[in-house]
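A.B. asks:
So, in structure tokens, the structure goes:
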């Protein structure tokens, strides 16, 4: 494997290669690859986010986050159907991002739930035909971030719309350039035709959309700050593989608490002028994290760094833990109930 090929791999692929390297030279090559990959990704992310903030306003730096998430993901991923149609679909998703999360955020909680559910199930059906690609982990996360970072200024809204349209064009172009030579049997129409409640994919898509949006609804009805965190926790835990739900449900709660405590300690110990770098530190460490649990720990740094100026250190940590623990318990409970109902229905059908 060349060094260039090595830096294309994630930490979960590089760490086993480092551990099992046949020689010190090869081991050092993989270590250098994971370090360089993390640094380059971080520099790229910072450049995109800062650039979007500079052009579209600091209130819309989140648009840069959405753009960079999609750019990094869709360099290699696809939608499992015709590339040209997929490119238009991705742009369509960005058009949803541009307006729908805003209208959901200014609506009453019930109407917001309906808007969120219809939007997220549409995104899932159109982009998650092959659930193993985990396109939902990027696109639904982006939707929830845009929903959670609320705006109340028409000029900021206008800039956000323009920024997301530009981001959509950028992501779509990169996607098409990288994927244009790949041939797929499926077409856009197959995404609609393949909606079938007898398949595990469709059942999971609808359950996923409901558990995420209903959890946000509960948070909004209870006036819990950062209700989007609950939805993100549910999104992270409600995996297509039910065995992963059990693992992630436990790890999410435990390691979120650990990450929040570590963040609090670092925040207190660091001089005030260096505290703004904690989120950056978390981003670096995520790049070195090969397992879900440590990604949870270090992702907490960025989320808490954004929330601390609004909620204060104590408030940010308390609600980060509360929201994620509730999201974990809610996801697990929802999975248990729906699975039990499904088993009873199958038993009744078999008996009949």
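Residue numbers (UniProt numbering): 1 to 352. Even glycine gets a Cβ: it sits at the ideal position worked out from N, Cα and C.
Would you please state the rounded distance, in angstroms, between the beta carbons of residue 327 and residue 233? I believe it to be under 8 Å.
C.D. replies: For the purposes of this step, residue 327 is identified with residue 327 of the chain shown, where counting begins at 1. For the purposes of this step, residue 233 is identified with residue 233 of the chain shown, where counting begins at 1. With 8 Å as the limit, residue 327 and residue 233 qualify as a contact, their Cβ atoms being about 3 Å apart.
A.B. asks: The alpha helix (DSSP H) spanning residue 63 covers which residue range?
C.D. replies: Within the chain shown, residue 63 is the residue found at index 63, counting from 1. 61 to 74 is the extent of the alpha helix (DSSP H) around residue 63.
A.B. asks: Say whether the region 293 to 310 touches the region 204 to 218, bearing in mind that this needs 3 or more beta-carbon pairs closer than 8 Å, one atom from each stretch.
C.D. replies: no
A.B. asks: Hey, how far is the Cα of residue 147 from the Cα of residue 181?
C.D. replies: In the chain shown, residue 147 corresponds to position 147, counting from 1. In the chain shown, residue 181 corresponds to position 181, counting from 1. Approximately 35 Å, taken between the alpha carbons.
A.B. asks: By alpha-carbon positions, which one of 60, 129 and 31 ends up nearest to residue 166?
C.D. replies: Numbered from 1 along the chain shown, position 166 holds the residue referred to as residue 166. For residue 166, the nearest C-alpha among the options comes from 60.
A.B. asks: From residue 249 to residue 43, what does the alpha carbon distance come to, in whole angstroms?
C.D. replies: Working through the chain shown from its first residue, we reach residue 249 at position 249. Working through the chain shown from its first residue, we reach residue 43 at position 43. The straight-line gap from Cα to Cα measures roughly 32 Å.
A.B. asks: Find out if the Cβ-Cβ distance for the pair residue 275, residue 300 is shorter than 8 Å.
C.D. replies: Residue 275 sits at position 275 when you count from the first residue of the chain shown. Residue 300 sits at position 300 when you count from the first residue of the chain shown. Not closer than 8 Å, so no.
A.B. asks: Taking buried to mean at least 16 other C-beta atoms within 10 Å of its own C-beta, is residue 223 buried or exposed?
C.D. replies: Here residue 223 refers to the residue found at position 223 of the chain shown. So residue 223 counts as exposed.
A.B. asks: Quick check: the Cα distance between residue 226 and residue 164, rounded to an integer number of angstroms?
C.D. replies: Locating residue 226 in the chain shown gives position 226, where the first residue counts as 1. Locating residue 164 in the chain shown gives position 164, where the first residue counts as 1. Distance between the alpha carbons of residue 226 and residue 164 is about 22 Å.
A.B. asks: So what does DSSP say about residue 30, is it helix, strand or coil?
C.D. replies: Looking up residue 30 in the chain shown gives position 30. Residue 30 falls in the helix class under three-state DSSP.
A.B. asks: Apply the 10 Å Cβ neighbour rule to residue 271 and answer buried if 16 or more other Cβ atoms are within range, or exposed otherwise.
C.D. replies: As a working note, residue 271 is residue 271 in the chain shown. So residue 271 ends up on the exposed side.
A.B. asks: Can you check whether the CB of residue 150 is closer than 8 Å to the CB of residue 86?
C.D. replies: Here the question's residue 86 lines up with position 86 in the chain shown. Here the question's residue 150 lines up with position 150 in the chain shown. For residue 86 and residue 150, no; Cβs fall outside 8 Å.
A.B. asks: If we ignore side chains and look at the alpha-carbon of each, how far apart do residue 347 and residue 207 end up?
C.D. replies: Within the chain shown, numbered from 1, the residue matching residue 347 stands at position 347. Within the chain shown, numbered from 1, the residue matching residue 207 stands at position 207. Roughly 21 Å separates the two Cα atoms.
A.B. asks: In the DSSP assignment, find the unbroken alpha helix (DSSP H) run with residue 251 in it and report its ends.
C.D. replies: As a first step, residue 251 must be located in the chain shown, where it is residue number 251. Counting along the chain, the alpha helix (DSSP H) containing residue 251 begins and ends at 242 to 269.
A.B. asks: Determine the DSSP secondary structure at residue 227, reduced to helix, strand or coil.
C.D. replies: For this step, residue 227 is matched to residue 227 along the chain shown. It is coil, neither helix nor strand.
A.B. asks: Give the range of the alpha helix (DSSP H) segment to which residue 149 is assigned.
C.D. replies: Numbered from 1 along the chain shown, position 149 holds the residue referred to as residue 149. Neither: residue 149 is in no alpha helix (DSSP H) and is coded neither H nor E.
A.B. asks: When you compare each of 294, 82 and 122 to residue 95 by their alpha carbons, which one comes out closest?
C.D. replies: The residue you call residue 95 lines up with position 95 of the chain shown. Comparing Cα-Cα distances from residue 95 to each of 294, 82 and 122, the minimum goes to 122.
A.B. asks: For the region 179 to 198 and the region 101 to 116, state whether three or more C-beta atom pairs, one from each stretch, are separated by less than 8 Å.
C.D. replies: no
A.B. asks: Using 8 Å for Cβ pairs, my map puts residue 78 next to residue 179. What's the rounded Cβ distance?
C.D. replies: Locating residue 78 in the chain shown gives position 78, counting from the first residue. Locating residue 179 in the chain shown gives position 179, counting from the first residue. Contact between residue 78 and residue 179 holds: their C-beta atoms lie close to 6 Å from each other, under 8 Å.
A.B. asks: Would you check if the distance between the CB atom of residue 303 and the CB atom of residue 229 is smaller than 8 Å?
C.D. replies: The count along the chain shown starts at 1 and reaches residue 303 at position 303. The count along the chain shown starts at 1 and reaches residue 229 at position 229. In this structure, residue 229 lies closer than 8 Å to residue 303 by Cβ.
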